[in-house]
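**Q** Got a structure here, written out as structure tokens. Questions coming.
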Amino acid sequence: MIVYKVQKKLVWLMSLLLLLSFFFTYSVYVSDFSAGAMVVCAVMILFLAYNLAVLLSKRFIVKEGVIHQDTLLGKKEIDMKEIEEIGVVNLRWRLILILSDPYKFVFISSLYANFEEFIDFMRSQVSDSCKGQLDKISHKRVRRK
């Protein structure tokens, strides 16, 4: 069983951002801004707290050839032998794998720790028709993201 979680530096940075938003909100309160500014600050704090909760709860486990993805909103499972298509989405700061079988799909981001090891593991487990789709991802490309 291999457990992949979001990189620790992202969790620390989000925690720092949440802490700094409290200081910012306090400075807005002391400056005696309008009630609208306080509402905007409260929404910002709620948004950052939700993002931190999502980052802390996000993980996926590879166990006996099945990928179990756990998030704040639910759980998904996909068998690696049943994967029919692998999509690669190249965003500015990360890569996203879309693994799909005939009935469901799973998004796996490069923000997870040990993502390169997971790609190598996928290359050894998926069918030959899907290996060509994984060739779009190189170790250099993952490190650059």
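For reference, each letter of the sequence shown is one residue, going 755 to 899 in this note's numbering. C-beta atoms are modelled at their ideal positions from N, C-alpha and C, and glycine is treated no differently.
So, helix, strand or coil for D824, using DSSP?
**A** Within the sequence shown, numbered from 1, the residue matching residue 824 stands at position 70. It is a strand residue.
**Q** Could you pull out every residue in the same chain whose Cβ sits closer than 7 Å to the Cβ of N805, ignoring the five residues on either side in sequence?
**A** Numbered from its first residue, the sequence shown carries residue 805 at position 51. Here the set comprises M768.
**Q** Can you find at least 3 beta carbon pairs, one from the segment 771-783 and one from the segment 827-844, that sit closer than 8 Å?
**A** The answer is no - the segment 827-844 does not touch the segment 771-783, with fewer than three Cβ pairs under 8 Å.
**Q** List the endpoints of the continuous beta strand (DSSP E) containing R813.
**A** Start at 1 with the first residue of the sequence shown, and residue 813 comes out as number 59. First-last of the beta strand (DSSP E) with R813: 813-817.
**Q** Helix, strand or coil for K759, going by three-state DSSP, please let me know.
**A** One-based indexing of the sequence shown puts residue 759 at position 5. Here K759 sits in strand by DSSP.
**Q** V816 to W766, Cα distance in whole Å?
**A** The count along the sequence shown starts at 1 and reaches residue 816 at position 62. The count along the sequence shown starts at 1 and reaches residue 766 at position 12. The alpha-carbon atoms of V816 and W766 are separated by roughly 25 Å.
**Q** Between which two residues does the beta strand (DSSP E) carrying S854 extend?
**A** Your numbering for residue 854 matches position 100 in the sequence shown. Its beta strand (DSSP E) spans residues 849-854.
**Q** Under a Cβ-count criterion, where at least 16 other Cβ atoms within 10 Å of its own Cβ denotes burial, should I862 be classed as buried or exposed?
**A** Within the sequence shown, residue 862 is the residue found at index 108, counting from 1. Buried, because 16 or more other Cβ atoms sit within 10 Å of the Cβ of I862.
**Q** Under a three-way DSSP split, which group does S775 fall into?
**A** On the sequence shown, position 21 is the one that residue 775 refers to. In this structure, S775 counts as helix in the three-state DSSP scheme.
**Q** Counting beta carbon pairs with one atom in the segment 783-800 and one in the segment 852-861, are three or more of them shorter than 8 Å?
**A** Taking 8 Å as the limit for Cβ pairs, the verdict is that the segment 783-800 does not touch the segment 852-861.
**Q** If you draw a straight line from the C-alpha of A867 to the C-alpha of V896, how long is it?
**A** Here residue 867 corresponds to residue number 113 of the sequence shown, with the count starting at 1. Here residue 896 corresponds to residue number 142 of the sequence shown, with the count starting at 1. If you take the alpha carbons of A867 and V896, they lie about 11 Å apart.
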